[in-house]
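In the working numbering, the protein residues as written are 2 to 372.
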């Protein structure tokens with residue numbers, strides 16, 4: 002009987018995990034199933050572009066997975082039972098697994114208009130199209146999502162009264178060079194910045210919430226150990242309570258350099274997926290799981306289509322004085338986004354890896370409880 006690996010979610014983390022597992026494990030011994038509600042891959046890092054009416058390519062998952070040996074199951078997951086190794090879908094059907102990779106990601110932390118996902122971005126797009134010049138748009142939240150949203154909206158609709166509301170100071174988490182450039186870009190685009198806005202009432206014709214993300218509630222009811230809805234994992238992305246469950250991306254709570262939790266981002270999700278896939282493959286084939294420390298190098302910020310910031314950071318994601326700004330930064334950001342999508346769309350073009358057979362004799366429980 003083949004070892005059943007089920008990956009939930011086909012975002013950046015889920016797709017990377019499924020593809021890497023397919024390149025590491027022999028198909029004669031393993032069966033890899035990827036479960037996703039939508040039939041296509043969503044470029045989540047481009048939702049601010051989609052919200053302003055720009056074309057964002059849709060990539061069918063069946064095309065992406067063709068030739069990989071990964072089976073796509075289009076279904077919406079509604080429950081996971083880690084104790085009984087089952088996944089329940091919206092249509093009532095169950096999927097059994099020996100190993101689970103949970104990559105269902107996150108959603109907006111606040112209700113209302115947001116760009117945390119494709120449907121939310123499309124609703125913002127439709128609302129923006131209906132607004133006449135002179136109408137007001139307020140983006141709430143001064144993190145990466147808020148900055149990219151407000152600058153994209155201001156650039157694409159210069160006739161609107163565009164504002165951003167932040168809890169502290171605008172860009173206070175950036176280095177001096179990057180922060181100065183950010184304020185200059187906001188002034189150039191005509192963005193009104195409201196700082197220290199806790200409790201303030203700021204009316205607008207359209208309010209877009211970008212105050213953070215929260216994990217889907219499915220993990221909290223699955224039986225695994227969670228903190229703030231995120232599955233607590235060790236350095237190999239394995240659940241600390243259920244050794245046959247792994248979590249990657251926004252759904253996982255993993256420690257980075259200095260013990261700081263890895264932030265919800267594509268920059269975290271992709272290496273987390275590699276780490277989990279390599280650990281699963283090693284444990285199933287009798288190898289030694291890698292224990293690499295995931296670190297950061299930069300934060301990439303779009304300021305519309307022709308401007309940007311590449312903020313160099315320390316391993317634990319703290320800003321340094323170094324930053325690339327302006328059009329060169331915008332080009333670098335675009336290359337990174339395009340490269341991430343290309344890698345996912347061409348999984349068989351990546352460097353080949355030896356597909357190993359499972360350890361003999363094979364016992365799923367024993368294999369996955371290996372330290």
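Where is the CB? At the ideal position from N, CA and C, for every residue including glycine.
* Boundaries of the beta strand (DSSP E) in which residue 132 is found, first to last residue -> Unbroken run through residue 132: none, as it is neither H nor E.
* **7 Å Cβ shell around residue 151 - same chain, five flanking residues per side excluded** => 140, 163, 165, 192
* If you draw a straight line from the alpha carbon of residue 38 to that of residue 318, how long is it in whole angstroms? -> 32 Å
* Can you give the Cα-Cα distance for residue 247 and residue 49, rounded to whole angstroms? -> Roughly 30 Å between the two C-alpha positions.
* Asked: So, is residue 294 buried or exposed, given that buried needs 16 or more other C-beta atoms within 10 angstroms?
  -> exposed
* For residue 115, is the classification buried or exposed, using 16 other Cβ atoms within 10 angstroms of its Cβ as the cut-off for buried? -> Answer is buried; the Cβ neighbour count reaches 16.
* Check each candidate in 240, 94, 102 and name the one with the smallest Cα separation from residue 12. => 102
* Asked: When the Cα of residue 6 is compared with those of 31, 106, 16, 15, which residue comes out closest?
  -> 31
* Asked: Rounded to the nearest angstrom, how far is the Cβ of residue 206 from that of residue 132, given a contact under 8 Å?
  -> 6 Å between Cβ atoms; contact.
* To do: Kindly indicate which three-state DSSP category residue 352 falls into: helix, strand or coil?
  => With a pLDDT of only 48 at residue 352, under 50, the local geometry of the prediction cannot be trusted, and the value read off the model is given with reservation. Reduced to three states, the DSSP call for residue 352 is coil.
* To do: Assign residue 167 to one of two classes, buried (16 or more other C-beta atoms within 10 Å of its C-beta) or exposed (fewer than that).
  => Burial state of residue 167 is buried, judged by a 10 Å Cβ sphere holding 16 or more other Cβ atoms.
* Could you pull out every residue in the same chain whose Cβ sits closer than 7 Å to the Cβ of residue 225, ignoring the five residues on either side in sequence? => Shown here for residue 225: same chain residues with a beta carbon closer than 7 Å to its own, the five before and five after excluded, namely 83, 232, 240, 242, 243, 246 in chain order.
* residue 226 - partner residues in DSSP beta bridges -> Its beta-bridge partners do not exist; DSSP assigns none.
* Asked: How many angstroms separate the CA atom of residue 215 from the CA atom of residue 40?
  -> 23 Å
* According to the Cβ coordinates, are residue 81 and residue 90 closer than 8 Å? -> no
* Would you report the Cα separation of residue 268 and residue 147, rounded to the nearest angstrom? -> 17 Å
* Starting from the N-terminal side, write out each stretch of the alpha helix (DSSP H) that is 4 residues or longer and does not extend beyond the region 95-166. => Those alpha helix (DSSP H) runs which fall completely within the region 95-166 and span 4+ residues are 119-131, 145-157.
* residue 290 burial status per 10 Å Cβ neighbour count (16 or more: buried) -> buried
* **Span of the beta strand (DSSP E) around residue 309** => Per DSSP, the unbroken beta strand (DSSP E) holding residue 309 starts and ends at 309-314.
* Counting only the same chain and skipping the five closest in sequence on each side, list residues whose C-beta sits under 6 Å from that of residue 52. => 116, 122, 125, 126
* Using DSSP with H/G/I as helix, E/B as strand and the rest coil, what is residue 210? -> strand
* Asked: Could you give the C-beta distance for residue 183 and residue 171, rounded to a whole number, given that I count them as a contact under 8 Å?
  -> 7 Å
* **N-terminal and C-terminal residue of the alpha helix (DSSP H) that residue 75 is part of** => That residue, residue 75, is in no alpha helix (DSSP H); its beta strand (DSSP E) goes 72-75.
* **Residues that residue 90 bridges to, as DSSP identifies them** => 78
* Asked: How would you write the range of the beta strand (DSSP E) that residue 320 sits in, first residue to last?
  -> Per DSSP, the unbroken beta strand (DSSP E) holding residue 320 starts and ends at 320-326.
* To do: Compare the beta carbon distance of residue 343 and residue 21 with 8 Å and say whether it is the shorter of the two.
  => no
* To do: Buried or exposed for residue 86, please, with buried defined as at least 16 other CB atoms from any protein chain shown within 10 angstroms of its CB.
  => buried
* Please determine if the region 303-311 and the region 331-342 are in contact, where contact requires at least 3 C-beta pairs separated by less than 8 Å. => yes
* To do: Provide the residue span of the beta strand (DSSP E) that contains residue 300, from first to last.
  => 299-303
* By a C-beta neighbour count over all protein chains shown, 10 Å radius and 16 as the cutoff for buried, is residue 72 buried or exposed? -> exposed
* Asked: Which term fits residue 1, buried or exposed, when burial requires 16 or more other beta carbons within 10 angstroms of its beta carbon?
  -> A query on residue 1 cannot be resolved here, the shown segment of the chain reaching from 2 to 372 and no further.
* Beta-carbon separation of residue 284 and residue 236 under 8 Å? -> Taking the C-beta atoms as reference points, residue 236 is found no nearer than 8 Å to residue 284.
* Asked: When DSSP labels each residue in this structure, what does residue 193 get in the three-state scheme?
  -> strand
* Asked: Going by beta carbon distance, what residues of the same chain come within less than 7 Å of residue 105, once the five residues before and after it are set aside?
  -> 9, 10, 78, 217, 219, 252
* To do: Using three-state DSSP, classify residue 242 as helix, strand or coil.
  => coil
* Asked: DSSP state of residue 360, grouped into three classes?
  -> coil
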